[in-house]
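In the numbering used here, the protein residues as written are 1 to 378. Notes for the one structure printed next.
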Amino acid sequence: MSVTERQIRDALAEVATPRGVPLTQASALSEIAIADGKVYFSINVDAAEAKAWEGVRTQAEAAARTVPGVSVAMVVLTAERRAAAPAQPRGRGGAGPGVPNVAAHRPPPHGRGAGLPKQSDIPGVAAIIAVASGKGGVGKSTTAINLALGLRDLGLRVGLLDADIYGPSMPRLTGIHDKPKLNDNKKMVPLVKFGLSIMSIGFLVEEETAMIWRGPMVMSAVTQMLREVAWGELDVLVVDMPPGTGDAQLTLAQEVPLKGAVIVSTPQDLSLIDARRGLAMFRKVNVPVLGIVENMSYFQCPECGTRSDIFGHGGARHEAERLGVPFLGEIPLHMAIRANSDAGTPVVESEPDGPHAAIYREIGGKIRDQLRGVIAAA
Ligand code: ADP
1 MSVTERQIRD
11 ALAEVATPRG
21 VPLTQASALS
31 EIAIADGKVY
41 FSINVDAAEA
51 KAWEGVRTQA
61 EAAARTVPGV
71 SVAMVVLTAE
81 RRAAAPAQPR
91 GRGGAGPGVP
101 NVAAHRPPPH
111 GRGAGLPKQS
121 DIPGVAAIIA
131 VASGKGGVGK
141 STTAINLALG
151 LRDLGLRVGL
161 LDADIYGPSM
171 PRLTGIHDKP
181 KLNDNKKMVP
191 LVKFGLSIMS
201 IGFLVEEETA
211 MIWRGPMVMS
221 AVTQMLREVA
231 WGELDVLVVD
241 MPPGTGDAQL
251 TLAQEVPLKG
261 AVIVSTPQDL
271 SLIDARRGLA
281 MFRKVNVPVL
291 GIVENMSYFQ
301 CPECGTRSDI
311 FGHGGARHEA
321 ERLGVPFLGE
331 IPLHMAIRAN
341 SDAGTPVVES
351 EPDGPHAAIY
361 REIGGKIRDQ
371 LRGVIAAA
């Protein structure tokens, strides 16, 4: 049964707001995106009012779910900080009237150090680390999941948050097609596979729906996935970031309580320039860069095992040395990595005794060593 916007609006008309009028008349609703029984929208309010509206958000979600045919409803609160950003340029989303303003969420020039309250940690999670890349297609998500599995193999309790809102890949990489359930406290329960607790926006909405989200919506959705998920006790939560170094990424880097970041790059010059931007982004918000991983570093013939440095291998190692950040390791371009990842069985899981799994575990070890104090303290 196809769900119409009219039906959703009728359900939302029953939700009262602190402004004393129904939600549909409060000038706070974004466009309503409906795809395949999944409903997504945001409620845009002033930052000062955000607390008072949290109940409205949960009621709106519940109301949308009562509409026959709705399987998932996700509603986020986007708080605009109107007073804070008088003459700033608009963000890349090209926001029009009534649409949340990306620039309003842009961090101050000096990042976290500039008097912003530090984001609170996630109870039970010792260390959150980002896996980032300056551009798409360098193997960031493949690295994120295999690294998470490598850390698992070292005996750590590991979660994986797919925050790549523009192209969530965890459904493909894990083969998970279920939806997270809510527990008694109304928190989403992450899906568990390969011993990892996994959450992805791809479990909740279609990829195309996420593509149209603007900066503040991305942030809200990620915050919800971070804070409204029952992660349990974890040593490390690996966050697969959206590729690039734009406003949304910078805001995420700032607002997620990160203990460190890993940057994935290929050896080509262009990708390295992007990696440098990534590095600069994390430095700007005072997140320590744990190191650079060179992915697709060299080609390894699946037949004879011969290695060819087709991309002029070694660029990321030199770059890391030049920039004074650790070089974490080189991952070859290999069919086994691609075929296994794309089939939902990442190589560390499917070939645990193979050479690739060993590389990911070694990289995991270097990261664990850097986080040791944090993990031990927890
Ligand atoms: P990103 O997250 O940076 O966009 P993905 O992790 O989705 O990149 O990888 C892009 C494609 O490259 C996928 O098809 C993936 O299987 C493949 N890939 C990634 N790393 C490797 C590798 N080391 N060897 C072979 N294929 C790889």
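The beta carbon of each residue, even a glycine, is placed where N, CA and C say it ideally should be. Because the structure is a prediction, the values reported are computed rather than measured.
### Distance CB(A126)-CB(V325) smaller than 8 Å
no
### Task
From the DSSP output, in three-state form, read off R19 for me.
coil
### Message
Taking 8 Å as the threshold (C-beta atoms), are S297 and E330 in contact?
### Response
yes
### Query
Rounded to a whole number of angstroms, what is the C-alpha to C-alpha distance between E14 and F203?
Cα-Cα distance, rounded: 28 Å.
### Query
Do L160 and M170 come within 8 Å of each other at the CB atom, strictly closer than that value?
yes
### Query
Does the beta-carbon distance from V131 to V256 come in below 8 Å?
No, Cβ-Cβ distance for V131 and V256 is not below 8 Å.
### Query
Hey, M260 and L290: beta-carbon distance below 8 Å or not?
In the sequence as presented, Met is not what sits at residue 260; that position holds Gly. Yes, Cβ-Cβ distance for G260 and L290 is below 8 Å.
### Task
State the CB to CB distance for the pair G305 and L234, rounded to an integer number of angstroms; the pair is presumed to be in contact (CB under 8 Å).
In fact, because the Cβ distance is near 37 Å, the residues do not count as touching under 8 Å.
#### Entry: Same chain only: Cβ atoms within 6 Å of G136, ignoring 5 sequence neighbours per side
P243
### Task
Decide if T66 is buried, meaning its Cβ has at least 16 other Cβ atoms within 10 Å, or exposed.
exposed
### Task
Report yes if the C-beta of M281 is less than 7 Å from at least one heavy atom of the ligand ADP; otherwise report no.
no
### Cβ-based burial, V348 [other Cβ within 10 Å; buried from 16]
buried
### Query
Is the Cβ-Cβ distance between G150 and G354 less than 8 Å?
Contact: no.
### Query
By a C-beta neighbour count over all protein chains shown, 10 Å radius and 16 as the cutoff for buried, is T4 buried or exposed?
exposed
### Residue burial classification, K186 (beta-carbon count within 10 angstroms, cutoff 16)
exposed
### Message
Going by DSSP in three states, D46 sits in which element: helix, strand or coil?
### Response
For D46, the three-state secondary structure derived from DSSP is strand.
### Message
Between Q224 and V76, how many whole angstroms is the CB-CB distance? I'm expecting something under 8 Å.
### Response
6 Å
### Query
With 16 as the cutoff for other CB atoms within 10 Å, does S2 come out buried or exposed?
It counts as exposed.
### Task
Check each candidate in L154, P332, F299 and A376 and name the one with the smallest Cα separation from V264.
P332
### Query
How is the alpha helix (DSSP H) around L323 delimited, first residue to last?
G315 to L323
### Query
Using 8 Å as the limit for Cβ to Cβ distance, is L182 near chain C?
Given the protein chain composition of this structure (a single chain), no chain C is represented.
### Task
Pick helix, strand or coil for L182, following the three-state DSSP scheme.
Here L182 sits in strand by DSSP.
### Query
Ends of the beta strand (DSSP E) at P68?
P68 -> no beta strand (DSSP E), and no H or E assigned at all.
### Query
Does the Cβ of L333 lie closer than 7 Å to at least one heavy atom of the ligand ADP?
If you check the C-beta of L333 against the ligand ADP, you find a heavy atom less than 7 Å away.
### Query
For P18 versus A52, is the C-beta distance shorter than 8 Å?
yes
### Query
Given a threshold of 16 other Cβ atoms within 10 Å of its Cβ, counted over all protein chains shown, does G278 qualify as buried or as exposed?
G278 comes out buried.
### Query
Per DSSP, what kind of secondary structure is G364 in: helix, strand or coil?
helix
#### Entry: Best match in G344, K366 and A336 for proximity to F327 [C-alpha to C-alpha]
K366
### Message
Let me make sure I understand the geometry here. Which of L147, Q119 and T345 has the alpha-carbon closest to that of E294?
### Response
L147
### CB of R317 within 8 Å of CB of D153, strictly
no
### Query
Does the Cβ of H177 have 16 or more other Cβ atoms within 10 Å, making it buried, or fewer, making it exposed?
exposed
### Message
Rounded to the nearest angstrom, what separates L226 and L252 at their Cα positions?
### Response
11 Å
### Query
Buried or exposed: which applies to R322, given that a residue is buried once 16 or more other Cβ atoms fall within 10 Å of its Cβ?
exposed
### Message
What does DSSP give as the partner residue(s) for L252 in the beta ladder?
### Response
BP columns for L252 are empty, so no partner.
### Message
Taking 7 Å as the cut-off, is the C-beta of I337 nearer than that to any heavy atom in the ligand ADP?
### Response
A heavy atom of the ligand ADP is found nearer than 7 Å to the CB of I337.
### Task
List the DSSP bridge partners of Y40.
A33 and M74
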